[in-house]
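Trainee:
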Amino acid sequence: MANVFSNAFSSLGEWVNERAPGLMPVYRKHMTEYYAPKNFNLWYYFGSLALLVLVNQIVTGIFLTMNYDPSASGAFDSVQYIMRDVEWGWLIRYMHTTGASLFFVVVYLHMFRGLMYGSYQKPRELVWLLGMLIFLVLMAEAFMGYVLPWGNMSFWGAKVIVSLFGTIPVIGKDLVEWIMGDYLPADATLNRFFALHVIALPLVLLLLVVLHLAALHEVGSNNPDGVDVKHGPKGNRWDPTKPADGIPFHPYYTVKDLVGVGLFLAIAAFIIFFQPTFGGWFLEHDNSVPANNLVTPAQIKPVWYFTAFYAIVRMIPSALGTAVWGVLGMFGAIVLLFLMPWIDGGKVKSIRYRGTGYKVALGLFVLAFFGLVLIGTDSTAELIPMLFGAGVDVTSLENLFGRVMVLIYFGFFVFLWLYTHLGWEKTKPVPERVTTHD
Amino acid sequence: MANEVVDQGRRRFLTTTTAVVGGVGVVAAAVPFIKSWEPSAKAKAAGAPVTQSLKKIEPGQQLIVAWRSLPVFIVNRSPAQLAALPKQDGRLVDPGSDGASADQQPKYAQNATRSIKPEWLVMIGICTHLGCVPDYVGEMKAEPFDPNWQGGYYCPCHHSRYDMAGRVYQGVPAPKNMAIPPYHFVDDATVQIGVDAEGNA
Amino acid sequence: MTKRYISLFALAFGLLLGTSAAMAEGPELPDAGTNLRDTASLQRGAHIFFNYCVGCHSLKYLRYERIADDLGLTQDEVMKNLDFTGGKFGDPVVSHMPPEDAQKFFGKAPPDLSLEVSAKGENWVFAYLNAFYLDPKSPIGWNNTVLPNAAMPFPLWELQGEQVPVMKPATPGDDPQIEKLTLLHPGKLTPEQYQQAARDVTNFLQYASEPAALERRHYGIWVVLFLLGFTFLAYLLKKEYWKDVH
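Residue numbers (this note's numbering), protein chains in the order written: chain W, 882 to 1319; chain F, 25 to 225; chain X, 9 to 254.
1. Are the beta-carbon atoms of residue 239(X) and residue 931(W) separated by less than 9 Å?
2. Measuring only between beta-carbons, confirm whether residue 57(F) sits less than 9 Å from chain W.
3. For the alpha helix (DSSP H) holding residue 977(W), just list the boundary residues, first then last.
4. Which of the three DSSP states, helix, strand or coil, is assigned to residue 32(X)?
5. Residues in the same chain with beta-carbon distance under 7 Å from residue 178(X), minus the five sequence neighbours each way, listed in chain order, please.
6. What residue ranges within the region 130-202 of chain X form continuous beta strand (DSSP E) runs of no fewer than 3 residues, ordered along the chain?
7. Can you give the Cα-Cα distance for residue 42(X) and residue 79(X), rounded to whole angstroms?
8. Applying a beta-carbon distance threshold of less than 9 Å, which residues of chain W neighbour residue 163(F)?
9. What does residue 1169(W) touch in chain X if you count any residue whose Cβ is under 8 Å from its own?
10. Using a Cβ-Cβ cutoff of 7 Å, what residues of the region 967-1001 of chain W are near chain F? List them in chain order.
11. Judging by CA-CA distance, which residue of 95(X), 70(X), 97(X) and 52(X) is the nearest neighbour of residue 958(W)?
12. Grab me the residues of residue 1103(W)'s own chain with a C-beta within less than 6 Å of its C-beta, minus the 5 sequence neighbours each way, in chain order.
13. Looking at the secondary structure, which residues open and close the beta strand (DSSP E) in which residue 917(W) lies?
14. Using the DSSP secondary-structure output, state which residues sit across from residue 1200(W) in a beta bridge.
15. So which residues on chain F does residue 241(X) lean against when the C-beta distance must stay under 8 Å?
16. Who are residue 193(F)'s beta bridge partners in DSSP?
17. Apart from the five residues just before and just after residue 104(X), which ones in its own chain have a Cβ nearer than 8 Å to its Cβ?
18. Give the single residue among 207(X), 244(X), 234(X) and 217(X) whose Cα lies nearest to the Cα of residue 68(X).
19. Please name the residue in 200(F), 107(F), 140(F) and 46(F) whose C-alpha comes closest to that of residue 174(F).
20. Which residues in chain F have a C-beta closer than 8 Å to the C-beta of residue 84(X)? List them in chain order.
21. If you run the structure through DSSP and keep just helix, strand and coil, what is residue 895(W)?
22. If you measure from the beta carbon of residue 71(X) to each beta carbon in chain F, is any gap under 9 Å?
23. Using 8 Å as the threshold, is the region 1281-1289 of chain W in touch with the region 1249-1260 of chain W, meaning 3 or more CB pairs across them?
24. Taking the alpha carbon of residue 139(F) as the reference point, which residue from 213(F), 208(F), 224(F) and 64(F) has its own alpha carbon closest?
25. Note down, in chain order, each residue of its chain lying with its Cβ closer than 6 Å to the Cβ of residue 941(W), except the 5 sequence neighbours on either side.
26. Going by DSSP, which residues form a beta bridge with residue 144(F)?
27. Establish whether the CB of residue 251(X) and some CB of chain F are separated by less than 9 Å.
28. Quick one: does residue 186(X) have its CB under 9 Å from some CB of chain W?
29. Taking only beta carbons into account, state which residues of the region 223-239 of chain X come closer than 7 Å to chain B, listed in chain order.
30. Per DSSP, which residues does residue 167(F) bridge with? Please list them.
31. Classify residue 1122(W) as helix, strand or coil using the three-state DSSP reduction.
32. Interface residues of chain W around residue 90(X) at Cβ under 7 Å?
33. Leaving out the 5 sequence neighbours to the left and right, which residues in its chain are closer than 8 Å to residue 897(W) when beta-carbon positions are compared?
34. From this set, 200(F), 191(F), 142(F) and 179(F), which residue's C-alpha is nearest residue 102(F)'s C-alpha?
35. Does residue 34(X) pass the burial test, meaning 16 or more other C-beta atoms within 10 Å, or should it be called exposed?
36. Tell me where the beta strand (DSSP E) around residue 68(X) begins and ends.
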């Protein structure tokens, strides 16, 4: 029985191979003969998980599109139609909404991995730039998707985020009207965001993901030791000319990633089935109220994954009669990440062998990021009275805390440049070959 | 430790087991997506049985109600129209509705008048040729398409003709008698379309 | 190494879940104590809703048929005991009052309550139902401590009775503040019975906000267990293959 199947498969393989001899080499190059360093740790799961979530978003998104009505009058009702009248519609929608938040969890961890092990450094600058582009497009994609349910948070979120462009001198006001196609977020806005969310941006994302992977496989993967296995000794049990510390991606990392996939899906399923709103973090309470252009929700704040950048806008005051500085700060916070390969002039890649200054700076940078998330989600408004008593001046404490966090965020990049380019960093010796700890 | 013997049997067993369990998971995950294409609760509600009072329909009159968006003809057939039915048998394709049209009505309407009560015709008003809605031509007088017309239906699309029980005439494009939906009488003056007396849809 | 990371992630995830749960509701509202698995409570809540609330409030996303299916009621029971507006079994729940009339009577159309618990939380709804008091200054005669100046008269007064406020000792310069509410005239129910009734209505509205919550928990446990089982298998497979790697 098993023989019948394997014979059928191998003759099918031959049939395809005769007609498309170029396919097998591509498969080998990226799977069975892609030699990845053998010392990947837990941080290396998040790349494949991001790909998994992307597939989930596309599949569930296609099925949501089948029942969603992209009009200001019908959008909100159609979401409830999906949640109640369409068989299993609730599951498909929760998979999409939970997937959106988990996408950012996974991508942030993936980016942090890159910072920790110097994955942006030469020769992987292009991989990093493409990854940052993915992050940027993902933010646009997520924002437009957030507008589609046309709840009151969708409406006011759209209004506030689009208004960020209004701070640009001279053209700002016209630009805002052009983006919305109206004077407030309206039918026209919803329609164009829908088109961009379901067709244009996913295509761009897919293209960028392919390029990101292609660029990675040209230079090879980094690893927790930051030692380039391509430059090390040659010869492993599969191929005498390949890196001694490399192992074929398939089957070794496919089976390893499968463990990560299983665990990740179990966590995702737990959220989808038991905590789909995640206490208002993944799906906000105020978005259960239909869009209303006359009533602003009590708190306008973006979903958690934007809040770090949004908090920067809030913490930078206006000056010289314009609010553009906050917006510049927000975009600057992302642009600086793009420039990491050139800001960091460090001689070693991995945090394991870098100077203490780098370790402290990166730790503070992560703390600042979390601090900004807390401010952006308005959690500080609840936490400050809890910590300092009810009588304190919440706003000024929050501003103080927030501005320190903004300074640390930007200070990280300034410090890193000085630290590495002026030769202050004392590194530890990097081993010749990768190490394994398990 | 370098080249210790690989237990190929265990490896193959684990690969197969993981693949099978994973495959089961993928198939199970596909079920909700496939099921989401079933008619939604909204579509089902719109297709729910329709109740219609018969009080205001005079003999010879037709009322059209929508059931699952389909036009349903309810006709109070006059004694003259009923008397004309058996005389048509020779000109019809399937007068007993037991040939080509055997599946065009529930068992309880497979009779000479194709109805539960002789005077009340309840029928889906869709031509069996290509789906047009035939016109009700109830008067028994000479018509351009039939000098000996005894009342019935005339389809404007391709000129198919039916008698007062929705039975198709010979020599027209339509192959079958028009369909009778499941229905029953709630009381003497009320009919419910879409479900029979036993509750079967 | 890996174990350290795993426990770190588990800790972070647990913390996140904890904070999210703690911050889901405002800290000051008491727990509504609703339970979606308590079908009897849902049925009682539905009865109160359809006897006292549906006059003004619709549930436009919830169909009678769905109520029957989810609350274990027959079509006859729902149509006789709950549907007083002549809607069909498959129709959504509409209110008695045309919106134009409502606008005229209350100055603002009573909101649809399909998503009230999603928007405000069950604790808010429960507290709101306990917070009505007589207020001669209000044009409708009623006010509410949870939603001051609510445009809604108290429909459940004959159950709870009539509450009046007890004011805090006045401090000069500040507006007078309500310390608590006390029952002036008892209603048909004792305070304990009324608490239960309010809890039942809240429970029903929580169900109405997300009918899928019933199914979702039912399937969830099996999905998670299956995935954990799969993960274990994948782990064994990984161990087996990684014997090659030294």
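Where is the CB? At the ideal position from N, CA and C, for every residue including glycine. Small disclaimer: the values here were computed from a predicted structure and weren't measured.
Mentor: Taking the definition as stated:
1. Numbered from 1 along the third sequence, position 231 holds the residue referred to as residue 239(X). Numbered from 1 along the first sequence, position 50 holds the residue referred to as residue 931(W). Contact: no.
2. Along the second sequence, read from residue 1 onward, the residue named residue 57(F) stands at position 33. Yes, because at least one Cβ of chain W sits closer than 9 Å to the Cβ of residue 57(F).
3. Numbered from its first residue, the first sequence carries residue 977(W) at position 96. Run containing residue 977(W): 970-997, per the alpha helix (DSSP H) assignment.
4. On the third sequence, residue 32(X) is found 24 positions in, with the first residue counted as 1. Any reading at residue 32(X) must be qualified, since the residue scores a pLDDT of 46, below 50, and its modelled position is unreliable; the value itself is stated next. Residue state, collapsed to three classes: coil.
5. Reading the third sequence from its first residue, position 170 is the one you call residue 178(X). The answer, listed in chain order, is 184.
6. 140-142, 150-152, 169-175 and 186-194
7. Along the third sequence, one-based indexing puts residue 42(X) at 34. Along the third sequence, one-based indexing puts residue 79(X) at 71. Straight-line Cα distance between these residues: approximately 15 Å.
8. Within the second sequence, the letter at position 139 stands for residue 163(F). Going along chain W, no residue has its Cβ under 9 Å from residue 163(F), so there is no contact; the nearest lies around 45 Å.
9. As a first step, residue 1169(W) must be located in the first sequence, where it is residue number 288. Under the 8 Å cutoff, chain X gives 123, 126, 127 and 217.
10. 967, 968, 969, 970, 972 and 973
11. Counted from its first residue, the first sequence places residue 958(W) at position 77. Per the Cα distances, 70(X).
12. Within the first sequence, the letter at position 222 stands for residue 1103(W). Within the same chain, residue 1103(W) has close Cβ partners 998 and 1000.
13. In the first sequence, residue 917(W) corresponds to position 36, counting from 1. Counting along the chain, the beta strand (DSSP E) containing residue 917(W) begins and ends at 916-918.
14. On the first sequence, residue 1200(W) is found 319 positions in, with the first residue counted as 1. Answer is 1203(W), bridged to residue 1200(W).
15. Along the third sequence, read from residue 1 onward, the residue named residue 241(X) stands at position 233. Near residue 241(X) (Cβ distances below 8 Å), the residues of chain F are 38, 41, 42 and 45.
16. Taking the first residue of the second sequence as position 1, residue 193(F) is located at position 169. Residue 193(F) pairs with 116(F).
17. For the purposes of this step, residue 104(X) is identified with residue 96 of the third sequence, where counting begins at 1. Once the five neighbours on either side are set aside, the close Cβ partners of residue 104(X) are 62, 63, 64, 92 and 93.
18. Looking up residue 68(X) in the third sequence gives position 60. Comparing Cα positions, the closest option is 217(X).
19. To locate residue 174(F), count along the second sequence from 1; it is residue 150. Checking every option, the nearest Cα to that of residue 174(F) belongs to 107(F).
20. What you label residue 84(X) is simply residue 76 of the third sequence in a count that begins at 1. Here the premise fails: no neighbours, minimum Cβ distance about 13 Å.
21. Locating residue 895(W) in the first sequence gives position 14, where the first residue counts as 1. Residue state, collapsed to three classes: helix.
22. Mapped onto the third sequence, residue 71(X) falls at position 63. Yes, residue 71(X) counts as interfacial toward chain F.
23. yes
24. As a first step, residue 139(F) is located in the second sequence; it is residue number 115 there, counting from the start. Looking at the Cα atoms, 208(F) is the closest of the given residues.
25. Here residue 941(W) refers to the residue found at position 60 when the first sequence is read from its first residue. Cβ within range, chain order: 973, 976 and 977.
26. Position 120 of the second sequence, counting from 1, holds the residue named residue 144(F). According to DSSP, residue 144(F) bridges with 100(F).
27. Your numbering for residue 251(X) matches position 243 in the third sequence. Answer yes: the Cβ-Cβ gap between residue 251(X) and chain F drops below 9 Å somewhere.
28. Here residue 186(X) refers to the residue found at position 178 of the third sequence. No - not a single Cβ of chain W is within 9 Å of the one on residue 186(X).
29. Of the protein chains in the structure, W, F and X, none is chain B.
30. Residue mapping note: residue 167(F) aligns to position 143 of the second sequence, counting from 1. DSSP, once it has assigned bridges, lists 170(F) as partnering residue 167(F).
31. Taking the first sequence and counting its residues from 1, the one referred to as residue 1122(W) is at position 241. Residue 1122(W): coil per DSSP, three-state reduction.
32. Taking the first residue of the third sequence as position 1, residue 90(X) is located at position 82. Those within 7 Å of residue 90(X) in chain W number zero; the least Cβ separation is about 18 Å.
33. On the first sequence, position 16 is the one that residue 897(W) refers to. Result list for residue 897(W): 904, in chain order.
34. Counting from 1 along the second sequence, the entry for residue 102(F) is found at position 78. Considering only alpha carbons, the answer is 142(F).
35. The sequence position of residue 34(X) within the third sequence is 26, counting from 1. Only weak support is given to the placement of residue 34(X): the predicted model assigns it a pLDDT of 47, under 50, and the question is left unresolved by the model.
36. What you label residue 68(X) is simply residue 60 of the third sequence in a count that begins at 1. Its beta strand (DSSP E) spans residues 67-71.
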